[in-house]
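Please read the structure below before turning to the comments.
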Amino acid sequence: MTPVRVSIAASIASILLILIVLELIRSRRLRERYALLWLATGVVLLVLSAWRGGLDTIAGWVGVTGYPPAVLFAVATLFILVVLLHYSTVLSRLSDQNAILAQRLALLEEQVRDQEAAAAAGERGGAPAGRPTA
Amino acid sequence: MSDPRRIAIVPAYREERAIAGVVAEIRAFDPGLDVVVVDDGSGDGTAAAARSAGAAVVRLPFNLGIGGAVQTGFKYALAHGYDLAVRLDGDGQHDPTELPKLIEPVLAGSADIVVGSRFAQADADYRAPLARRLGIGLFARIVSLLVGQRVTDTTSGFQALNRKGIALFAADYPHDYPEVEATVMVVRHELRLLEVPVRMREREHGRSSITAVRSLYYVVKVLLALFVGLFRRRVVPVDQL
C-alpha cells in the first residue's frame, strides 16, 4: 500500500509541475504544442499520486509488489523519455528547415547580385529607354 | 542536345588560396563550362577569390557541411536549367583534364550519373590514411551489395550528372558524409550509375574535412543511414525525374 505521505508529496509535486507549465504558457515562454506533453506528464502523475488504490492496482499488474510508489518513478521516467525524444524530432526538423533557409537565402543573394550587375551593365551601355540621361 | 548547358559545382570551405586556381583550371579546360562555387560559410576570402576568378558564387550564411553545400550547387543548377553538372572539390584534388571520362557517358546517354573512382583500376596509386581506406573499403562492399553492381569508391565527390541526377539531388541530398548514401539513393530512384577510373591528386592546400577521430562517427552514422534508408520511401517519384 502506498504511504499517505508519499501520495501527498507526489501530488504536490505534480500540481507544481502543472502550474509551472501553465504559467510558462501564459507568459508565452512555452508554446502550447510543446507544453501538451508536459501537461500530460503532470496530469498522469497527479492522478497516480492522488488515486492511491489505482496506483496499487497498476503496481500489481506490472508485478511491483513491494513498493507501489516505484511505479510513479517508472511512469515519470517514461514520460521524460517521450518528451526528450519528441524534442529530438523537433530539433531535427528545425535543423533541416534551417539548412533549407540558408540555401534559399544564398541562392537568392546570388540572383539579386546577378540582376544588379545586369542592370548596372544595362545603364552603362546605351541610354535605357524612358529614362533621361543627365 | 547539340550544345548542352554545362556547369561545374565546386563546394569550398576555407579554400581562399586554392579556389582561384581550381576555377581557372576548370575554365581553361572547357570555356563552355560555367562554374558555381558554393562558399560553405568560410568567412575568409574564398568567395571573393572565386568571384574574381570568374565563377558565380553562392555564399551560405553559415557552415552547412559538405552535403548541404553540394546540394546548394544542385539547386542552383536546377534553377538555372543546366543539362549537365559536374562536381569537383574546391581543394584542387580533382583534375579537370579527367572530366571527359565523366562527361562523355552522360552526354552519350548511357548513364545518369558517372562517378570517378580512385580504385576502379588495378594500378590505382591514391594514398589515404589507413582508417579512411578501411572505411572506404567497407562502404564499397556494403554499397555494392545494396545496389547490385560493383562500386569501388563510394566516397568520391568527382561526379557528372544529367538533369535527372540534378533534380534528385536538388530535392534530397544526405548530410555530412553524403556520397555513400547518395550512391544508394541514385540506384533506388532507378537512375543509371556508372563508375569510371580516374586519377586524383594529393590535396593542394588545407586538410581533409574528415579527421581520423571523426571517421568512426561517420562510419556508424552512414551505416545507420544506409540501413534506415532501405525502409524509406522514394523522395521523388521515379516518373517525375
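Chains as they are written, first to last, in the working numbering: chain A, 62 to 195; chain B, 7 to 247.
Cβ coordinates follow ideal geometry from the N, Cα and C atoms, glycine included.
Since this is a predicted model, take the numbers as computed values, not measurements.
The Cβ of residue 158/A sits no closer than 8 angstroms to any Cβ of chain B.
The beta carbon of residue 163/A sits closer than 8 angstroms to some beta carbon of chain B. Scanning chain B for C-beta atoms nearer than 9 angstroms to the C-beta of residue 80/A yields nothing, as the closest lies near 39 angstroms away. Looking at the backbone, the Cα of residue 201/B and that of residue 24/B are separated by about 27 angstroms. Within the region 58-101 of chain B, the complete beta strand (DSSP E) segments at least 3 residues long are 62-65, 90-93, listed from N- to C-terminus. Rounded to the nearest angstrom, the gap between the Cα atoms of residue 97/B and residue 55/B is 13 angstroms.
Only 66, 67, 68, 70, 74, 77, 78, 81, 82, 85 from the region 66-88 of chain B bring a Cβ to less than 8 angstroms from some Cβ of chain A. Taking a C-beta distance under 8 angstroms as the contact criterion, residue 32/B and residue 102/B qualify as a contact pair. In the structure shown, the three-state DSSP call for residue 165/B is strand. Beyond the five residues adjoining it in sequence on each side, residue 68/A comes within less than 6 angstroms, by CB distance, of 110, 113 in the same chain, given in chain order.
Within chain A, the residues placing a beta-carbon under 7 angstroms from that of residue 62/B are 171, ordered along the chain. Within the same chain, and ignoring the five residues on either side of residue 190/B in sequence, the residues whose Cβ sits closer than 7 angstroms to its Cβ are 149, 152, 153, 232, 235.
Classified as exposed, residue 58/B has fewer than 16 neighbouring CB atoms from the shown chains inside 10 Å of its CB. Taking the Cα positions, residue 177/A is about 48 angstroms away from residue 143/B. Spatial neighbours of residue 167/B in its own chain (CB-CB distance under 6 angstroms, excluding positions within 5 residues in sequence) are listed in chain order as 91, 119. Neighbours of residue 98/A in chain B, taken as residues whose beta carbon is under 7 angstroms from its own, are absent, since the nearest beta carbon is some 24 angstroms off.
For the pair residue 43/B and residue 29/B, the CB atoms are nearer than the 8 angstroms cut-off. A distance of 8 angstroms or more separates the beta carbons of residue 22/B and residue 60/B. Rounded to the nearest whole angstrom, the CA to CA distance from residue 17/B to residue 135/A is 49 angstroms.
In the structure shown, residue 205/B falls within a coil segment according to DSSP collapsed to helix, strand and coil. Against chain B, a Cβ distance below 8 angstroms from residue 182/A picks out nothing, because the smallest value is about 15 angstroms. Under the three-state reduction of DSSP output, residue 111/B falls in the helix class.
Ranked by Cα distance from residue 224/B, the first of 66/B, 140/B, 49/B is 140/B.
Annotated as proximal: residue 196/B and residue 244/B, with beta-carbon spacing under 8 angstroms. Taken through DSSP and simplified to helix, strand or coil, residue 41/B comes out as strand. For residue 79/A, same chain residues with a beta-carbon under 6 angstroms away, outside a window of 5 residues either side, are 103 in chain order.
For residue 179/A, there are no neighbours in chain B by C-beta distance under 7 angstroms, as the nearest C-beta there is about 13 angstroms away. In the three-state scheme derived from DSSP, where H, G and I count as helix and E and B as strand, residue 48/B is classed as coil.
At least 8 angstroms separates the CB of residue 120/A from every CB of chain B. For a Cβ distance threshold of 9 angstroms, residue set 64, 78, 81, 82, 85 of chain B lies close to residue 168/A, ordered along the chain. In its chain, beyond the 5 residues on either side, 241, 242 have a beta carbon closer than 8 angstroms to the beta carbon of residue 177/B.
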